[in-house]
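S.K.: For what it's worth, the UniProt record's numbering labels the leading residue of the sequence shown as 1, then goes sequentially.
In this text, a Cβ means the ideal position worked out from N, Cα and C, and glycines have one as well.
Keep in mind it's a predicted model, so treat the numbers as computed, not measured.
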Amino acid sequence: MSLRMIARLGNPVLLRPADPIDPDLVGAKDFQRLVDDMIETMMEAPGVGLAAPQVHESIRLFVMDPGDRDDSDVGLEILVNPRLSVPEDGDYLSLWEGCLSIPGLRGETLRHAAVDVDYLDRNGEPRRRRFEGFAAAVVQHEYDHLDGVLFLKRMPDLSLLAFDDQYARWFQDCGS
Numbered sequence: 001m002s003l004r005m006i007a008r009l010g011n012p013v014l015l016r017p018a019d020p021i022d023p024d025l026v027g028a029k030d031f032q033r034l035v036d037d038m039i040e041t042m043m044e045a046p047g048v049g050l051a052a053p054q055v056h057e058s059i060r061l062f063v064m065d066p067g068d069r070d071d072s073d074v075g076l077e078i079l080v081n082p083r084l085s086v087p088e089d090g091d092y093l094s095l096w097e098g099c100l101s102i103p104g105l106r107g108e109t110l111r112h113a114a115v116d117v118d119y120l121d122r123n124g125e126p127r128r129r130r131f132e133g134f135a136a137a138v139v140q141h142e143y144d145h146l147d148g149v150l151f152l153k154r155m156p157d158l159s160l161l162a163f164d165d166q167y168a169r170w171f172q173d174c175g176s
């Protein structure tokens with residue numbers, strides 16, 4: 001395993017839709033190495049999610065591990081060719097997001113409180129799972145990367161964009 005270079009804001013790989021992965025290639029050694037590298041890179045950064053375009057691979061793959069940031073049972077997940085849907089009666093949640101491709105900045109976004117995702121796991125097996133709360137926000141953030149969308153586009157109010165130190169000083173404990 002090895003750490004991958006993370007693409008930063010301004011790199012065109014972050015702005016274009018990623019290509020689907022041929023399911024027959026999921027078991028290939030190179031693909032499995034990429035997954036392992038992405039997990040290691042995400043953990044080292046540290047982050048809670050990482051999409052393949054962020055490591056200069058324009059394919060529909062992301063890894064996530066929201067950890068203990070909410071009460072869900074979501075641990076390390078590998079999502080290949082995910083398809084996201086939103087429950088019809090869905091609520092929204094407002095939260096501050098950061099991004100490994102936009103280091104040092106945070107912004108308040110509005111996300112669906114729950115999402116359903118159909119995907120292949122790292123072994124190519126089809127899965128369907130509902131993610132809620134913080135884990136749902138992570139899924140949406142990483143899914144956006146696969147469509148060439150950065151969290152800045154999900155901000156309803158750009159005045160709520162802050163450097164990390166200013167976020168910690170002024171916003172972190174204000175309840176949003």
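Would the segment 47–59 and the segment 137–149 be scored as touching if the rule is three or more Cβ pairs under 8 Å?
M.R.: Flag = yes, the segment 47–59 and the segment 137–149 touch.
S.K.: Going by C-alpha distance, which of G90, V138 and V80 is nearest P20?
M.R.: Measuring from the Cα of P20, the nearest candidate turns out to be V80.
S.K.: Are the segment 28–47 and the segment 88–96 in contact at 8 Å, needing three or more beta carbon pairs?
M.R.: Contact between the segment 28–47 and the segment 88–96 is absent, because fewer than three Cβ pairs lie under 8 Å.
S.K.: Along the chain, where does the alpha helix (DSSP H) that runs through E108 open and close?
M.R.: Premise fails: E108 lies in the beta strand (DSSP E), I102 to H112, not in any alpha helix (DSSP H).
S.K.: How about G104 and D164: are their beta carbons less than 8 Å apart?
M.R.: Yes, they are a contact pair.
S.K.: Let me make sure I understand the geometry here. Which of R83, F62 and L84 has the alpha-carbon closest to that of E77?
M.R.: That would be F62, whose Cα lies nearest to the Cα of E77.
S.K.: Is M38 helix, strand or coil when you go by DSSP?
M.R.: Here M38 sits in helix by DSSP.
S.K.: Output needed for G148: all residues of its chain with C-beta closer than 8 Å, excluding positions within five of it in sequence on either side, in chain order.
M.R.: Counting only Cβ-Cβ distances below 8 Å, and skipping sequence neighbours, we find L14, L15, R16, P17, A18 and P53.
S.K.: Quick one: grab the DSSP three-state call for M1.
M.R.: M1: coil per DSSP, three-state reduction.
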